[in-house]
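Peer 1: Residues in the sequence shown are numbered from 1 upward in steps of one, following the working numbering. Okay, handing you the structure first.
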Amino acid sequence: MGCFWLFVLCLFSPAGANFTELTGMFGQIQSPNYPEGYPSDLDLTWNITVPTGFRIKLYFMHFDLEPSYLCEYDYVKVVSDDLLETFCGRESTDTERIPGQEFVLTKSNTMTVTFKTDFSNEERFTGFEAHYSAIDIDECVEKLDEALVCDHFCHNFIGGFYCSCRFSYILHSDNRTCKVECRDNVFTEKSGTISSPDYPNSYPKSSDCLYRIELEEGFTISLEFADIFDLEDHPDVPCPYDYLKIKAGINEFGPYCGDKSPGKVNTNSSSIHITFHSDDSGDNQGWKLTFTSVGNPCPVVHPPANGTIEPVQEQYSFKDQVQIRCNTGFKFVKGGDEVEAYQIECQKSGTWSSSIPTCKVIDCGTPRPLEDGFITFHSTDNRTLFGSHIEYSCHAIYYRMETELNTTYTCMENGFWVNDELGTDLPTCQPVCGKPRIKPSSIQPKIAQGRAVSKGALPWITMLSKNGIPFCGGSLIGQKWIITAAHCLHPPYDPDNPNLSNFQHINVTSFKVILGRQKTLRKEETEQVFRAKRIISHPCYNGSTFEFDIALLELPHKVTITDYVMPICLPENSFSTLRTDDMVIVSGWGKQFLHSIPETLMEIEIPIVDHDKCKNVYSQLGRQVTDDMICAGLKQGGSDACQGDSGGPMVALDNETNRWFLVGTVSWGDGCGEDNRYGVYSDVRKSLEWIHNVTKVKNF
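Following this line, the structure appears as structure tokens:
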């Protein structure tokens, strides 16, 4: 016989059998002498082998053998694994079979073709011609060997296949099994769930998982397994394939496998290690458990007197926290400090982190004193504890409350005395103005040769004194401001140096400010003596014309209001109706006749003079009366201010309020009480806005 292909090896046995090895991807097999008649007594074998991952397809192009019952004479036999095909004859009958258009397909990569003939042929038979080829096996579809099936994904290629895994899985070293890396699962929560990968779907093969529950010492962990529990087991050997083990301190539980759930496992430990192992076979659902933990119990907490606790529970355990608060108006006292809330925690030893402090009622303490006022407690025992009430009042004789609001204060939970409107700010007491405690006498005479003032009848008048001798007067407004004439506090006017008299003041240490005095040269126990803190002249003051001849003295501190020291009221809208011939009072310690200083404070009552009339009188003398000036006096003279009265008050009585208010300050004139000569005063109403801006003084 002949050999037809490159990858053909012919072997001959001693008994005459002929073996041919074919290893190519395709080839041809023919009976000897084809297409001539084949010889008798043949025993030929073709062993066909193709690469792994392929199968063999064999088909006949021509087939013509000696017919025989059940192929007992000549035949072709094809063998591969469990495949056995025998062909003979010229056509298929009940006892013979030819391949015809059929082909033979193996499951594996090997095939054996045997051709045998007997000792004779009755006639000439041409034999056969066959071809084979290697056919790729799609292992992913056909799954010829279940042991080689991929766990998750199968990918076919010519001559073979490969496996891959789902996300979070990795391919095992056998290149088909999918496993998981699950050796570092740590749970630190007090409760949670743990399950085998993909539960309740089949868990991965060839995997070793470790789950750790690590809680703080003082907790005890319990495990509760779900009813669905399915691990591969063995009827005779305990858990040889897949199993679950639990280690809790020195105690061990398991191994568990099969389909019976372990149920509840009390570990009595705060540290649990769960080991799960699966081998390379099986298709089971796995397991799931819920873990919970309880801490060591602590005694039940009761709220302190006048306090509450949160949360209220029938039982407390390790790590439970309790917030303790005092009721409104109470505070904890702990280590000398007052706190509003306090927190304690149950410790692993079963004791609380601290004892419960006492709720102490809030004490607002002694209320702040009110300057020029007093405090009235609403309780007979002068309580200063939470909820107590006090009321601030001013000394009614000399002061009035600046606000008309309720001045009741309550001791609040923040430890402060609080008013609904003012908060923690205190009200202020302002001195009553223009209401002397001692009524003035009926006044008729002029200051020059005039009548002495009753002590305390004009408590706002102020003496400016140098070396014990008065040189000017003034008026108290508010509690620390004096209104006087600007020319009293400036050097005399010098035409050659006008800035000196207009803008430079005398030294505040060169004179004294005396209030509450009646006598001119003699000290009295009712007087209050100050050095001025600063001098502020009207910005429009002119020393040559005495325009805006008005200035303010600020005292270093407040005066003390008494029967003899009390402020005069400033003009208000209701006072702006002062008319010609309205009576005013002028007072002072100025010189009288013979240029002598009076022994005591003097006063006169004179009428207001028509402004135009006054201007005409002085225009004839070459003097100018400006709009910021006001004139007062008698045409026939005799009643007027004089040297030493400058800066002193001109006051009038408001009949509606029965209060005295400041009309003007003594400024200048021509002589003292001369006929057809009037006193000229700086009109306070014209400077009122400036006075308010500087002093902030209001009438009370």
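C-beta atoms are modelled at their ideal positions from N, C-alpha and C, and glycine is treated no differently.
Compare the C-alpha of Arg-734 against each of Ser-544, Glu-554 and Asp-549 and name the closest.
Peer 2: Residue 734 is absent from the model: the chain starts at 1 and stops at 700.
Peer 1: State the start and end residues of the unbroken alpha helix (DSSP H) segment that holds Val-141.
Peer 2: Run containing Val-141: 139-142, per the alpha helix (DSSP H) assignment.
Peer 1: Give a yes or no on whether the C-beta atoms belonging to Tyr-211 and Asn-175 are separated by under 7 Å.
Peer 2: Result no, Cβ atoms of Tyr-211 and Asn-175 do not sit closer than 7 Å.
Peer 1: Which of the three DSSP states, helix, strand or coil, is assigned to Leu-289?
Peer 2: Note: Leu-289 maps to strand in three-state DSSP.
Peer 1: Determine, using beta carbons only, whether Glu-129 and Tyr-59 come nearer to each other than 7 Å.
Peer 2: Not a contact, by the Cβ cut-off of 7 Å.
Peer 1: Could you give the residue range of the alpha helix (DSSP H) that holds Thr-665?
Peer 2: Note, Thr-665: premise wrong, no alpha helix (DSSP H); beta strand (DSSP E) at 659-668.
Peer 1: In the DSSP assignment, what are the bridge partners of Phe-503?
Peer 2: Paired residue(s): none; Phe-503 is not in a bridge.
Peer 1: Could you check which residue in Glu-91, Ala-652, Tyr-564 and Gly-679 has the C-alpha nearest to that of Cys-614?
Peer 2: Comparing Cα-Cα distances from Cys-614 to each of Glu-91, Ala-652, Tyr-564 and Gly-679, the minimum goes to Gly-679.
Peer 1: Give me whichever residues DSSP pairs with Ile-309 in a beta bridge.
Peer 2: DSSP output for Ile-309 lists Ile-324 as bridge partner(s).
Peer 1: Using the Cβ count rule (16 or more neighbours within 10 Å means buried), how would you classify Lys-686?
Peer 2: Lys-686 comes out buried.
Peer 1: Would you mind giving the Cβ-Cβ distance between Glu-216 and Ser-261, rounded to the nearest angstrom? I have them listed as a contact below 8 Å.
Peer 2: Contact doesn't hold; Cβ gap of about 29 Å is too wide.
Peer 1: Phe-119: which of Glu-72, Phe-161 and Val-149 sits nearest, CA to CA?
Peer 2: For the residues Glu-72, Phe-161 and Val-149, the minimum Cα distance to Phe-119 belongs to Glu-72.
Peer 1: Please name the residue or residues paired with Gly-588 in a DSSP beta bridge.
Peer 2: According to DSSP, Gly-588 bridges with Met-602.
Peer 1: Less than 8 Å between the CB atoms is what I'm expecting for Ile-568 and Leu-662, so what's the real figure, rounded?
Peer 2: About 5 Å; that satisfies the 8 Å criterion.
Peer 1: If you count every other CB in all the chains shown that lies within 10 Å of the CB of Leu-84, and 16 or more means buried, which is it?
Peer 2: Answer is exposed; the Cβ neighbour count stays below 16.
Peer 1: Please classify Lys-331: is it buried, with 16 or more other beta-carbons within 10 angstroms of its beta-carbon, or exposed?
Peer 2: Buried, since its Cβ has 16 or more Cβ neighbours within 10 Å.
Peer 1: Helix, strand or coil, according to DSSP, for Trp-690 in the structure here?
Peer 2: In this structure, Trp-690 counts as helix in the three-state DSSP scheme.
Peer 1: Look up Arg-685 in the DSSP assignment and say whether it is helix, strand or coil.
Peer 2: Residue state, collapsed to three classes: helix.
Peer 1: Measuring straight from C-alpha to C-alpha, what distance separates Tyr-203 and Thr-267?
Peer 2: Whole-angstrom Cα-Cα distance: 25 Å.
Peer 1: Which word fits Tyr-69, buried or exposed, when buried means at least 16 other C-beta atoms lie within 10 angstroms of its C-beta?
Peer 2: Tyr-69 comes out exposed.
Peer 1: Determine the direct distance from the alpha carbon of Asp-563 to that of Ser-475, and round the result to whole angstroms.
Peer 2: When rounded, the distance between both Cα atoms is 15 Å.
Peer 1: Going along the chain, which unbroken runs of the beta strand (DSSP E) with 3 or more residues stay wholly within the stretch 457-489?
Peer 2: Counting whole runs of 3 or more residues, the stretch 457-489 contains the beta strand (DSSP E) stretches 461-466, 469-477 and 481-484.
Peer 1: With a 10 Å radius around its C-beta and 16 neighbouring C-beta atoms as the bar for buried, classify Leu-244 as buried or exposed.
Peer 2: Burial call: buried.
Peer 1: Is it right to say Asp-259 is buried, meaning 16 or more other beta carbons lie within 10 angstroms of its own, or is it exposed?
Peer 2: So Asp-259 ends up on the exposed side.
Peer 1: Please classify Lys-100: is it buried, with 16 or more other beta-carbons within 10 angstroms of its beta-carbon, or exposed?
Peer 2: Before going further, note that residue 100 is Gly rather than Lys in the sequence given. Result: exposed.
Peer 1: Buried or exposed, going by whether 16 or more other CB atoms sit within 10 Å of the CB of Ile-324?
Peer 2: Label assigned to Ile-324: buried.
Peer 1: Looking at the secondary structure, which residues open and close the alpha helix (DSSP H) in which His-62 lies?
Peer 2: Counting along the chain, His-62 falls outside any alpha helix (DSSP H), though it belongs to the beta strand (DSSP E) covering 54-64.
Peer 1: Would you call the CB atoms of Val-322 and Val-294 closer than 7 Å?
Peer 2: No, the Cβ-Cβ distance between Val-322 and Val-294 is not below 7 Å.
Peer 1: Mapping DSSP to helix, strand and coil, what is Lys-613?
Peer 2: Lys-613: helix per DSSP, three-state reduction.
Peer 1: Just to confirm before moving on: does the CB-CB distance between Ile-477 and Thr-462 stay below 7 Å?
Peer 2: No; because the gap between Cβ atoms is not below 7 Å, this pair is not in contact.
Peer 1: Consult DSSP for Gly-638 and reduce its assignment to one of helix, strand or coil.
Peer 2: In this predicted model, Gly-638 has a pLDDT of only 46, less than 50, meaning its place in the structure is not dependable enough to derive any value.
Peer 1: Do Gly-664 and Cys-488 have their CB atoms nearer than 7 Å?
Peer 2: Result no, Cβ atoms of Gly-664 and Cys-488 do not sit closer than 7 Å.
Peer 1: Suppose the cutoff is 6 Å on Cβ atoms and the five residues either side in sequence are ignored; what does the same chain contact list for Thr-328 look like?
Peer 2: Within the same chain, Thr-328 has close Cβ partners Glu-413.
Peer 1: Does the Cβ-Cβ distance between Ile-375 and Gly-415 come in under 7 Å?
Peer 2: No.
Peer 1: Taking 7 Å as the threshold (C-beta atoms), are Glu-391 and Thr-428 in contact?
Peer 2: Going by C-beta atoms, Thr-428 is not nearer than 7 Å to Glu-391.
Peer 1: Using DSSP with H/G/I as helix, E/B as strand and the rest coil, what is Pro-556?
Peer 2: Looking at Pro-556 - three-state DSSP - the assignment turns out to be coil, as it is neither helix nor strand.
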